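Protein chains in written order, with the working numbering: chain A, 70 to 347; chain B, 278 to 543. The beta carbon of each residue, even a glycine, is placed where N, CA and C say it ideally should be. Computed from a predicted model, the values in this text were never measured in an experiment. These notes concern the structure reproduced below.
In structure tokens form, the structure reads like this:
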């Protein structure tokens, strides 16, 4: 009963097949299985949220998709091409934003365009225009010359988002991007994120998003589908379709369906969450 | 209603006045003490020091010697910068290089610059090359150690972020790692310049002991001549004060540069 999602026969944008990741501690040689037998098809243009108890390997999965970590087993394929390392077509927004502290807001947003592959074949004027476009889109006009340490958490998050978008990735990988913000700022930015993602636009215009969060309500508010993970080792527990129509506004949060879905996901995680603090 | 006249306390003075108050008091005490001495006493006194300063400045000797010493420091510091920062970036970014060179560096580091003077004089004579060697040696270690620290402690997340923007390895070094290490390198530069200035004075003094009045010049050599030949304590005090003031100026200059070059800090 998915709403406005394409038929499941559509070719996946990204396919993870039996992916597992084992970490070996350097000193003790102790092995930890962080992710086990993780399989998932990500559809083009969908907003996919990943939730699960702390330490369930959410970030590990994201890092493997980004190419920053290599799977121990299994394969990750994007548009039919195996992922072997990091690349600008898979942009990452890090939990701590990873802004360059010595660069102004403008230069942070334009960093990938200046030094990386996204700026290839682009003139300086075109780059500058592109930076302006995304600086304005995330509402940072007037703060262009400030340095990261002069910004609030919410503004840093906007810089990181503008930088991610300016690089024009096909898949946006977001690792708890709103995690460090206070509750009010987070709710405002959730709505804004959907606007920037292109909720009101045609489905074909939208980017594919994989968004990690520990907030179940956040996942329900944002996502087309929610992947619920369980831990030790990290694996897919369930994939829930979020059938709340778009565009979504603040009112969605008070709808009965919103509560039902949140409750459904929470019931899948609850036992492990209690175990984790017991 | 009568207003009591408040006695001015030190606490109520502006900071600049406070900084000068105590030294001024000491100078006064020193001068008073000197007045009790016989006229031909060799002991230094503030009035005689000032007279000596005026005479040495007027003759150009003081300025020339100071410039000579400063020139050596700048040149030696330049050599140390090229070697220290270059090797530091290499050691900081490659664990293999670091682990292999660290024992060598750490076994040379505790050897005081003065302790290599005998070899420097035997190899390079008593002229400028020996002085440059000492200065470069002294300045090398603070630069190296701080560069290695800065480069090896760069936030890994920034490097990962660069990789996800399609930035290559070499470009990452110049666009991310080097700028991130600049604060450490600047701190290392300031410390290095400080020890370089200390080392040049000591080196010139020691070289003077070897070559006597026919020494290679510089403010340290000037002090040696006052000590060994003319026995002019007032001249020595002038030199000491100049050395101290220049050390202070160098420190302030480097701090100002740090502030200027790192507007993103604080």
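- With a cutoff of 8 angstroms on beta-carbon distance, residue 105/A and residue 345/A are scored as not near each other.
- With the criterion set as a beta carbon lying under 7 angstroms from some beta carbon of chain B, the members of the region 165–182 of chain A are 165, 167, 169, 170, 171, 180 and 181, in sequence order.
- When rounded, the separation of the alpha-carbon atoms in residue 442/B and residue 125/A is 27 angstroms.
- Taking 8 angstroms as the CB threshold, residue 437/B lines the interface with chain A.
- Residue 299/A has 304/A as its beta-bridge partners, per DSSP.
- Here residue 140/A is buried: its Cβ has 16 or more other Cβ atoms, across all protein chains shown, within 10 Å.
- If you look at residue 529/B, you'll find it in the alpha helix (DSSP H) that goes 510–538.
- Within chain B, the residues placing a beta-carbon under 7 angstroms from that of residue 186/A are 443, ordered along the chain.
- Rounded to whole angstroms, the Cβ separation of residue 163/A and residue 266/A is 18 angstroms, and the two are not in contact under 8 angstroms.
- The Cβ-Cβ distance between residue 289/A and residue 298/A does not fall below 8 angstroms.
- Proximity of chain A to residue 452/B at the Cβ level (cut-off 7 angstroms) is accounted for by 184, in chain order.
- The three-state secondary structure of residue 280/A, taken from DSSP, is strand.
- Shown here for residue 494/B: same chain residues with a beta carbon closer than 7 angstroms to its own, the five before and five after excluded, namely 342 and 345 in chain order.
- Between the region 417–435 of chain B and the region 366–373 of chain B, the count of C-beta pairs closer than 8 angstroms reaches three or more; the two stretches touch.
- Under the rule that a run must span 4 or more residues, the alpha helix (DSSP H) segments found entirely inside the region 172–196 of chain A read 174–178 and 180–184.
- Under a 10 Å Cβ-count criterion, residue 331/B is classified as exposed, with fewer than 16 other Cβ atoms of the shown protein chains found around its own Cβ.
- Boundaries of the beta strand (DSSP E) around residue 105/A: 100–111.
- Among the residues facing chain B, residue 135/A is included, as its CB has a counterpart in that chain under 8 angstroms away.
- Ranked by how close their Cα comes to the Cα of residue 352/B, the residues 537/B, 409/B, 389/B and 538/B have 409/B in first place.
- For the pair residue 376/B and residue 386/B, the Cα-to-Cα distance works out to about 16 angstroms.
- Residues of the same chain with a CB within less than 8 angstroms of the CB of residue 462/B, apart from the 5 flanking positions on each side, are 362, 365, 420, 423, 424 and 427 in chain order.
- Under the three-state reduction of DSSP, residue 305/B is assigned to helix.
- No Cβ of chain A is located within less than 8 angstroms of the beta carbon of residue 430/B.
- Rounded to the nearest angstrom, the gap between the Cα atoms of residue 317/B and residue 389/B is 40 angstroms.
- Beta-bridge analysis with DSSP links residue 91/A to 102/A.
- Under the DSSP assignment, residue 499/B falls in the alpha helix (DSSP H) whose first and last residues are 496–505.
- It is roughly 57 angstroms from the alpha-carbon of residue 242/A to the alpha-carbon of residue 521/B.
- Separation of residue 206/A and residue 298/B (C-alpha to C-alpha, rounded to the nearest whole angstrom) is 58 angstroms.
- Beta-bridge pairing by DSSP links residue 143/A to no other residue.
- For residue 456/B, the nearest beta carbon of chain A is closer than 8 angstroms to its own beta carbon.
- Interface residue (Cβ-Cβ distance to chain A less than 8 angstroms): residue 307/B is not classified as such.
- For residue 116/A, the enclosing beta strand (DSSP E) stretches over residues 116–120.
- At least one CB of chain B lies nearer than 8 angstroms to the CB of residue 236/A.
- In terms of CA proximity to residue 88/A, 108/A leads the group 103/A, 94/A, 81/A and 108/A.
- As a beta-bridge residue in DSSP terms, residue 160/A pairs with 241/A.
- A distance below 8 angstroms separates the beta carbons of residue 275/A and residue 114/A.
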